[in-house]
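Chains as they are written, first to last, in the UniProt record's numbering: chain A, 1 to 243; chain B, 1 to 243. The beta-carbon is built from N, C-alpha and C at its ideal position, and this holds for glycine as well.
There are 2 protein chains.
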Amino acid sequence: MSDRDHLSKLTRRLQTNTELSQVEIDRLESLPMQIRTLARFQDVVQEGDHPTQSCVVLRGWLFRYRILESGRRQILSFHVAGEMPDLHSIYLEVMDHSLAALTPCDVALVPHRPLQEFVADHPRIGAVLWRDTLIDAGIFREWMVGIGRRSAFERLAHLICEMYLRLAHVGLAQDHSLEWPVTRTDLGDATGMTSVHVTRMLGELRRARLVALQGSTLTILDWGRLVAAAGFDPGYLHLRPSS
Amino acid sequence: MSDRDHLSKLTRRLQTNTELSQVEIDRLESLPMQIRTLARFQDVVQEGDHPTQSCVVLRGWLFRYRILESGRRQILSFHVAGEMPDLHSIYLEVMDHSLAALTPCDVALVPHRPLQEFVADHPRIGAVLWRDTLIDAGIFREWMVGIGRRSAFERLAHLICEMYLRLAHVGLAQDHSLEWPVTRTDLGDATGMTSVHVTRMLGELRRARLVALQGSTLTILDWGRLVAAAGFDPGYLHLRPSS
DNA sequence: CGCAATGTTGAGCGATTTCAACTGCCGTGG
DNA sequence: CCACGGCAGTTGAAATCGCTCAACATTGCG
């Protein structure tokens with residue numbers, strides 16, 4: 001696999017949101033970078049760090065989180081292939097949260113300097129990357145709405161809808177079936193509940209015949225009813241129509 | 001008051017985070033714009049809109065929110081003078097939430113087109129504005145941590161700490177005292193609780209002699225203890241040291 | 001095989017909500 | 001000038017959603 005092939009995960013995803021010219025794609029894919037493989041729970045960057053590079057997810061799931069003094073953890077987001085979970089560090093010197101591997105992962109590390117120069121030279125791509133961080137913020141908002149104002153049951157249903165669309169968008173899910181590597185504890189910390197309650201609510205989802213969970217394969221049995229149960233509206237993902 | 005004076009609210013705030021050259025400040029302040037005055041609860045943009053301009057807060061507080069079908073509301077953020085609450089719409093076609101006035105407000109509306117051209121011509125300022133939206137996202141993350149993992153009491157204390165620093169940063173608060181135009185209901189919708197519980201927890205804060213609330217003036221009686229009670233760490237605001 | 005991590009289930013508890021009544025404040029119009 | 005209506009805030013009592021604690025089952029891996 002050549003370097004170009006690695007970053008094509010990123011450009012292919014960006015392209016589904018914005019047209020990119022071949023020249024732009026070429027320059028983007030020839031950015032210097034370094035591949036790294038991560039084990040579950042291995043940190044990419046930690047709160048307080050001053051990173052000098054950002055990463056592109058090539059394989060596996062990453063997640064961002066914060067841990068309070070009391071030990072309580074909040075997971076802030078999940079990230080799958082083609083995404084740049086810490087692109088924000090390009091202009092934010094200090095990390096205000098940590099980024100780690102949820103599953104074994106491959107990531108491409110791209111140094112900030114060339115990325116910044118690239119953005120200055122190609123304002124159109126700068127805009128595309130900026131937009132990507134804006135969508136990221138939109139997902140934070142949606143999670144906030146969920147944790148603040150949705151029931152535990154709705155929250156879980158909502159997260160499943162979201163991850164299914166995001167995975168399908170990069171070709172990692174289809175036929176309402178997806179790899180689901182998120183433990184009850186992770187899920188609880190992402191949705192603001194305890195792992196015990198996650199187990200119960202997941203049971204409800206199963207009993208309502210909305211989803212089935214065998215091993216780490218999650219199947220959505222009734223997309224329409226799941227969407228309705230979650231109050232899910234995909235607008236906040238800002239995906240292009242169809243794609 | 002000339003047009004330049006209006007946007008100086010913005011440039012002065014941006015400057016406390018990044019050095020700007022006089023040329024950059026001049027060009028930024030001479031962007032076309034239009035002043036508008038808003039009454040409490042008047043919307044600037046609504047969910048589903050396709051805005052063609054973004055606004056700069058000149059006076060008053062704005063807030064962003066989403067309302068679910070069930071009628072439940074989540075307030076996503078508060079915004080004070082010098083901030084651009086809907087700068088994200090520069091690259092996100094459809095609004096995924098609404099923006100409204102919390103108090104009577106003056107805002108400057110800046111059309112997207114010249115703003116986009118400006119950003120393309122001045123990558124350094126593009127970076128500063130981008131950075132501003134990244135800090136915005138950092139605040140969303142912090143609120144998410146709060147709603148998901150902090151107690152009601154901590155959440156209120158935390159929000160007071162945050163708003164005090166943000167207001168002080170633009171010269172709108174000092175001596176641990178600030179104008180506090182947020183009703184119990186607004187506060188509940190911002191922190192993910194009911195207005196009834198806000199009343200009770202605010203009572204606790206008062207009884208603990210952490211804050212005093214007379215009319216719409218909030219006074220922080222013991223900053224150190226309030227910060228400790230909130231588990232507040234200002235890192236996520238990415239303010240420059242001192243300033 | 002055996003440990004460690006993950007998941008399940010039950011019982012009791014507690015933080016927050018819900019429902020409801022009541023108070024205080026302020027602007028408006030008679 | 002005062003009566004009225006409406007919004008915001010306060011307080012109490014009961015209900016509930018989700019948490020804690022704890023025991024046990026299951027899975028995966030060295």
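Run through DSSP, which three-state label would H169 (chain A) get?
helix
Run down chain B in chain order and give the residues with a C-beta less than 9 Å from the C-beta of V45 (chain A).
By Cβ distance, chain B contributes nothing, its closest Cβ being about 14 Å from V45 (chain A), past 9 Å.
Entirely enclosed alpha helix (DSSP H) segments - the segment 13–40 of chain B, minimum 4 residues:
22–29
When you compare only the Cα positions, how much space is there between R36 (chain B) and Q15 (chain B)?
24 Å
Do W223 (chain A) and Y91 (chain B) have their C-beta atoms closer together than 7 Å?
no
Taking the alpha carbon of L20 (chain A) as the reference point, which residue from A:H122, A:H97 and A:S77 has its own alpha carbon closest?
From the listed residues A:H122, A:H97 and A:S77, the smallest Cα separation to L20 (chain A) is found for A:H122.
Within the same chain, show all residues whose beta-carbon is closer than 6 Å to that of G192 (chain A), passing over the 5 residues directly before and after it, in chain order.
I147
Who are the near neighbours of W180 (chain B) in its chain, counting only those whose CB is closer than 6 Å to its CB and skipping five residues on each side?
S216 and L218
Roughly how many whole angstroms lie between the Cα atoms of Q74 (chain A) and A39 (chain B)?
37 Å
Can you give me the Cβ contacts of Q46 (chain B) inside the same chain, cut-off strictly under 7 Å, excluding the 5 residues immediately before and after it?
Closer than 7 Å at Cβ, skipping near neighbours: M95 and S98.
Output yes if chain A places a C-beta closer than 7 Å to the C-beta of D49 (chain B); else output no.
no
Mind listing which residues of the segment 143–168 of chain A have their C-beta closer than 7 Å to chain B's C-betas, in chain order?
W143, M144, V145, I147, G148 and R149
Would you verify that the beta carbon of R36 (chain A) is, or is not, closer than 7 Å to some beta carbon of chain B?
no
With a 10 Å radius around its C-beta and 16 neighbouring C-beta atoms as the bar for buried, classify P32 (chain B) as buried or exposed.
exposed
Cβ-Cβ distance between G188 (chain A) and S177 (chain A) below 7 Å
no
Roughly how many whole angstroms lie between the Cα atoms of A100 (chain B) and A120 (chain B)?
29 Å
Residues in the same chain with beta-carbon distance under 6 Å from Y236 (chain A), minus the five sequence neighbours each way, listed in chain order, please.
Here the set comprises G138 and E142.
Does DSSP put H79 (chain B) in a helix, in a strand, or in coil?
strand
Is there a Cβ from chain A that is less than 7 Å from the Cβ of S243 (chain B)?
Low per-residue confidence applies at S243 (chain B): pLDDT is 45, beneath 50, and the placement is therefore not dependable, though the value from the model is reported in the following sentence. Not one chain A Cβ lies under 7 Å of S243 (chain B).
Is the beta carbon of T52 (chain A) within less than 6 Å of some heavy atom of the ligand GDP?
No copy of the ligand GDP occurs in the structure displayed, which carries no ligand at all.
Between A:R207, A:A190 and A:C55, which has its C-alpha nearest F140 (chain A)'s C-alpha?
A:A190
Determine, using beta carbons only, whether R113 (chain B) comes closer than 7 Å to chain A.
no
Sequence-distant residues of its chain with Cβ nearer than 8 Å to R12 (chain B) (five each side left out)
G82 and V170
Distance CB(L134 (chain B))-CB(H158 (chain A)) smaller than 7 Å:
7 Å or more divides the Cβ of L134 (chain B) from the Cβ of H158 (chain A).
For L134 (chain B), decide whether its Cβ has a neighbour in chain A, counting only Cβ atoms nearer than 7 Å.
yes
Going by DSSP in three states, T217 (chain A) sits in which element: helix, strand or coil?
strand
In the DSSP assignment, the beta strand (DSSP E) including F121 (chain B) goes from what residue to what residue?
Checking the sequence shown, residue 121 (chain B) turns out to be Asp, not Phe. Looking at the DSSP string, D121 (chain B) is not in any beta strand (DSSP E); the run it does join, the alpha helix (DSSP H), is H112 to D121.
Spatial neighbours of R155 (chain B) within its chain, please: CB distance less than 6 Å, with the 5 preceding and 5 following residues excluded, ordered by chain position.
G146 and T191
What residue does the alpha helix (DSSP H) around V198 (chain A) start on, and which one ends it?
S195 to R207
Three-state class that DSSP yields for E142 (chain B) in the structure shown
Of the three classes helix, strand and coil, the one that applies to E142 (chain B) here is helix, per DSSP.
Helix, strand or coil at V227 (chain B) [DSSP, three-state]:
helix
Using the rule of at least 16 other Cβ atoms within 10 Å of the residue's Cβ for burial, across every protein chain shown, is V23 (chain A) buried or exposed?
exposed
Among A:E69, A:S70 and A:Y65, whose alpha-carbon lies nearest the alpha-carbon of V77 (chain A)?
Per the sequence shown, residue 77 (chain A) should be read as Ser rather than Val. Considering only A:E69, A:S70 and A:Y65, the residue with the shortest C-alpha distance to S77 (chain A) is A:Y65.
Less than 8 Å between the CB atoms is what I'm expecting for L109 (chain B) and Q42 (chain B), so what's the real figure, rounded?
Between Q42 (chain B) and L109 (chain B) the Cβ distance is about 13 Å, and since that is not below 8 Å, they are no contact.
Give every residue of the same chain whose Cβ lies closer than 7 Å to the Cβ of P114 (chain A), excluding the five residues on either side of it in the sequence, and list them in chain order.
L31 and P32
Enclosing beta strand (DSSP E) for L58 (chain A) [first to last residue]
Secondary structure note for L58 (chain A): its beta strand (DSSP E) is the uninterrupted segment Q53 to R59.
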